[in-house]
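Just remember that the working numbering sits 1300 ahead of the position in the sequence shown, which is counted from 1.
Please read the structure below before turning to the comments.
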Amino acid sequence: MINQQLISPRHIAVIGASEHESKPGGKVLFNLVNGGFKGKIYGVNPKQLNIDGVIPIKNISDLPEIDLAILAIPAEYCIPAVKDLIQKNTKAFIIYSSGFGEAGEKGKLLENELVEIITRANACLIGPNCIGVINENYKGVFTTPIPIFDSKGCELISSSGATAVFIMEAAKSTGLRFSNVYSIGNASQISAEDILEHMDKTFDSNSPKVKLLYLESIRNPFKLLKHASSLIRKGCKIAAIKSGHSDAGGRAASSHTGALATSDIVIRALFKKAGIMYCSGRDELITVAGIFQSNALKGNRMAIITHAGGSAVMLTDALCSRGMEVPFINAEKSAALLAKLNPGSSVSNPIDFLATGTAKQLGEIIDFCETLDEIDAIIVVFGSPGLFNVRDVYQLLDEKMQTGLKPIFPVLPSLVNAKEEIELFISKGRINFSDEVILGRALPHVYKCTAPTFGMTHLMEMETATIRSIISQAPNGYLTAEQCNELLNACGINLVKEHLCYNHDEITTLSKFIRFPVVIKVLGPLHKTEVNGVTLNVNSEDLLHSEFDRMMAITEAKGVLIQPMVSGEELYCGAAKQGNYGHLILAGLGGIYVEVLKDISYGLAPLNILETTNMIHSLKGYEIIKGYRKREGVNEELFADAIMRIASLVCLAPEISELDINPFRGNMKELVAVDVRIKIDKSF
1301 MINQQLISPR HIAVIGASEH ESKPGGKVLF NLVNGGFKGK IYGVNPKQLN IDGVIPIKNI
1361 SDLPEIDLAI LAIPAEYCIP AVKDLIQKNT KAFIIYSSGF GEAGEKGKLL ENELVEIITR
1421 ANACLIGPNC IGVINENYKG VFTTPIPIFD SKGCELISSS GATAVFIMEA AKSTGLRFSN
1481 VYSIGNASQI SAEDILEHMD KTFDSNSPKV KLLYLESIRN PFKLLKHASS LIRKGCKIAA
1541 IKSGHSDAGG RAASSHTGAL ATSDIVIRAL FKKAGIMYCS GRDELITVAG IFQSNALKGN
1601 RMAIITHAGG SAVMLTDALC SRGMEVPFIN AEKSAALLAK LNPGSSVSNP IDFLATGTAK
1661 QLGEIIDFCE TLDEIDAIIV VFGSPGLFNV RDVYQLLDEK MQTGLKPIFP VLPSLVNAKE
1721 EIELFISKGR INFSDEVILG RALPHVYKCT APTFGMTHLM EMETATIRSI ISQAPNGYLT
1781 AEQCNELLNA CGINLVKEHL CYNHDEITTL SKFIRFPVVI KVLGPLHKTE VNGVTLNVNS
1841 EDLLHSEFDR MMAITEAKGV LIQPMVSGEE LYCGAAKQGN YGHLILAGLG GIYVEVLKDI
1901 SYGLAPLNIL ETTNMIHSLK GYEIIKGYRK REGVNEELFA DAIMRIASLV CLAPEISELD
1961 INPFRGNMKE LVAVDVRIKI DKSF
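Structural data, given as structure tokens:
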């Protein structure tokens, strides 16, 4: 648990202090002194130490009572040092040292012992293997740059110290501002989720509203969901990178869902439920943060003002390909504006007022866009061709951003020609989006980001007692066809009528009252299609008998399942247990669409109707569900109901490790499950 001694210490001791700024124990002392820490700073080193503002101490035993200790010593010396510091009533530790859990089994044992000692003393630990903490009270890091503290700036939590530095370095040139920075390293005691919890519990009207996360692990997804969604509902915006998912998709899986449920999709589903913006890299994270710190985007219709035609085209492509609009401005509306611009200018949108455009002309264009109902926001792309000083242009832009009613996003790409002018612009608290394409990709991402749905879901009504009875009696492994049918009936999902046959006499009896054509499937083998164990459009009793003989010759065949042919589009829904994340629900079009094209949408169980509807609408093949070229579509309400029931089922029966319904057959009147596979694993 984060405590006051970590956030606002009265005195700080650096163990492993040094006079040399090239060493972590030296650099942090200079950062603490230059950062204006108001308390006492102690530098602990048996050797001579002479730094203004630092009280030299030979040994830990000579220290007075200490609130916060920063350790910059080898890993093997940390535990004795921590034990001695606890005797000094130290309640907060930042440990830079590497050589713990990241270094192998011996390091893990050392780290576990360290955490046990600190936790038993009711103290808190950031790290080990981190760069430290930056906040209003002190700069407890051994790195640079150290951003100027801004109480309204971004809060950054990073699993990687180097990545935190890279983000702050890259953000500096954009004007992005920071408040609190936490580099958590191995997060052996305090995790990113714990810091979010602290931010949530201490949040008030003066708290920073933008949170940025770089995560290498999520130990408690529920805690992250709870506090991230709570912060967002309080008015915060959160964007995050989650690394380390590339190997998950290669694991062996016995179902479509198991194969499709990659780690990356699970993280995207988690973030979506929490309302967190998923980012793929540092540039996107910084750009999204810049948008967060700008005026809110209330519509998707953009005006592009530029003197660079190529940039305008690339920006337009990036925006429009992601669902934003760059509305055409007709000549009648823009005639008066065009008369004020240089010959050759274009005002149809993008508005190009040429390389010779002036600050006055930019002001006229922005004022014009402010009057247009069809424009929600303005992007200004203005660099320097080197013909004249652009300071007055950027000054005008700053003034319009202060007084205008619509958001203005500046793209000032001339980082060499207009370096000083851009620095002056961002010194006024402005953000510069130096790459128009990255901005064009990020704006739709932010605009479409949905509100948190965590805590807004419910379980569908179903026969709970029956479901629990089936699950409790079932062994690990795949349920039988009869058990699958009973389970889906109990949760309210319609199934196609099925008949199990194990010999020719049963087929002869069945043939007297079924209606042809039918489907015959082999029972036993896991992947029926791979062993040629499915035959469609069987239209006679003779063919039924011959197909029975053929299928019974298949290895592991135990019998056959006979179903009537059902009309409608093929749909798919599945669920896969993902450790402490719960169940990932996947849905899409069935058949080749899921197997080859992998056109799927996803969410974490349980789901509400809004989440489920969005899943259906986000499919690339949604037009097929709607109906096309006089071909009947699918009843969306029935499909959504079925998805929600599967999401509810796995919450009532968490022992389900994998569930596949592929396909459903759906039309406007009915939706029925045709092929069902459910695997139980009670070892979770």
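Heads up, the beta-carbon is just placed ideally off N, CA and C, and yes, glycines get one too.
{"Asked": "Just reading off the beta strand (DSSP E) that Gln-1863 is part of, what are its end residues?", "Found": "1859-1864"}
{"Asked": "Throw me the rounded Cβ distance for the Leu-1513 and Gly-1590 pair, which I believe falls under 8 Å.", "Found": "Wrong, their Cβ atoms sit about 16 Å apart, outside the cutoff."}
{"Asked": "So, is Thr-1616 buried or exposed, given that buried needs 16 or more other C-beta atoms within 10 angstroms?", "Found": "buried"}
{"Asked": "Per DSSP, which residues does His-1311 bridge with? Please list them.", "Found": "Lys-1340"}
{"Asked": "By how many angstroms is the C-alpha of Lys-1501 removed from the C-alpha of Asn-1359?", "Found": "38 Å"}
{"Asked": "Which full runs of the alpha helix (DSSP H) of 4+ residues lie inside the segment 1323-1393, going along the chain?", "Found": "1324-1334, 1378-1387"}
{"Asked": "Between the segment 1397-1413 and the segment 1455-1468, can you find at least three pairs of beta-carbon atoms closer than 8 Å?", "Found": "no"}
{"Asked": "Ends of the beta strand (DSSP E) at Asp-1450?", "Found": "1449-1458"}
{"Asked": "Pull up the CB-CB distance for Gly-1891 and Pro-1963, whole angstroms please, since I reckon it's below 8 Å.", "Found": "6 Å"}
{"Asked": "Which residues share a DSSP beta bridge with Ile-1726?", "Found": "Ile-1726 pairs with nothing; no bridge assigned."}
{"Asked": "How long is the line joining the alpha carbons of His-1320 and Phe-1442, rounded to whole angstroms?", "Found": "11 Å"}
{"Asked": "Is it buried or exposed, Tyr-1747, if we count other Cβ atoms within 10 angstroms and call 16 or more buried?", "Found": "buried"}
{"Asked": "Buried or exposed: Tyr-1881, going by 16 or more other Cβ atoms within 10 Å of its Cβ?", "Found": "buried"}
{"Asked": "Starting from Gly-1568 and walking both ways along the alpha helix (DSSP H), at which residues does that stretch end?", "Found": "In the sequence under discussion, the amino acid at residue 1568 is Arg, which differs from the Gly named in the question. Unbroken alpha helix (DSSP H) run through Arg-1568: 1563-1574."}
{"Asked": "Quick check on DSSP: helix, strand or coil for Asn-1412?", "Found": "helix"}
{"Asked": "Check whether the segment 1538-1545 touches the segment 1479-1490, counting contact only when three or more Cβ pairs, one atom from each stretch, lie closer than 8 Å.", "Found": "no"}
{"Asked": "Among Asn-1967, Pro-1954, Asn-1914, Glu-1469, which one has its Cα closest to the Cα of Leu-1931?", "Found": "This sequence places Arg at residue 1931; Leu is not what is there. Checked all of Asn-1967, Pro-1954, Asn-1914, Glu-1469; the closest Cα to Arg-1931 is Asn-1967."}
{"Asked": "Reducing DSSP to helix, strand and coil, say where Glu-1321 ends up.", "Found": "coil"}
{"Asked": "Could you tell me which residues DSSP pairs with Cys-1873 in its beta bridges?", "Found": "Ala-1887, Ile-1961"}
{"Asked": "Work out the CA separation of Asp-1450 and Lys-1534 for me, nearest whole Å.", "Found": "20 Å"}
{"Asked": "Apply the 10 Å Cβ neighbour rule to Met-1301 and answer buried if 16 or more other Cβ atoms are within range, or exposed otherwise.", "Found": "exposed"}
{"Asked": "Is there contact here, the segment 1835-1844 with the segment 1901-1913, by at least three beta-carbon pairs under 8 Å?", "Found": "no"}
{"Asked": "For Leu-1910, which of Leu-1919, Tyr-1922, Ile-1357, Ala-1940 has the nearest alpha-carbon?", "Found": "Ala-1940"}
{"Asked": "According to DSSP, is Glu-1699 part of a helix, a strand, or is it coil?", "Found": "helix"}
{"Asked": "Going by beta-carbon coordinates alone, are Asn-1642 and Ile-1629 separated by less than 8 Å?", "Found": "no"}
{"Asked": "In angstroms with no decimal places, state the Cα-to-Cα distance between Glu-1516 and Ile-1567.", "Found": "11 Å"}
{"Asked": "Among Ile-1373, Pro-1374, Asn-1345, Arg-1965, which residue has its Cα nearest to the Cα of Ser-1361?", "Found": "Asn-1345"}
{"Asked": "Comparing C-alpha positions only, which one of Ile-1341, Leu-1739, Lys-1598, Arg-1601 sits nearest to Thr-1474?", "Found": "Leu-1739"}
{"Asked": "Identify whether Arg-1601 lies in helix, strand or coil by the three-state DSSP scheme.", "Found": "strand"}
{"Asked": "Quick test of your reading: Ile-1518 and Ile-1576, contact by CB under 8 Å. State the CB separation rounded to the nearest angstrom.", "Found": "With 8 Å as the limit, Ile-1518 and Ile-1576 do not qualify as a contact, their Cβ atoms being about 11 Å apart."}
{"Asked": "Report the rounded CA-to-CA distance for Asn-1506 versus Lys-1452, giving the unit in angstroms.", "Found": "8 Å"}
{"Asked": "Determine the burial state of His-1883: buried for a count of at least 16 other Cβ atoms within 10 Å of its Cβ, exposed for fewer.", "Found": "buried"}
{"Asked": "Let me confirm a value: Phe-1682 is counted as buried when at least 16 other C-beta atoms fall within 10 Å, else exposed. Which label applies?", "Found": "buried"}
{"Asked": "Quick check on Leu-1826: buried or exposed, where buried means 16 or more other Cβ atoms within 10 Å of its Cβ?", "Found": "exposed"}
{"Asked": "Select from Leu-1654, Asn-1350, Glu-1497, Leu-1919 the residue whose C-alpha is nearest the C-alpha of Leu-1871.", "Found": "Leu-1919"}
{"Asked": "Does the segment 1843-1856 come into contact with the segment 1798-1811, if we say contact requires no fewer than three beta-carbon pairs (one atom in each stretch) closer than 8 Å?", "Found": "yes"}
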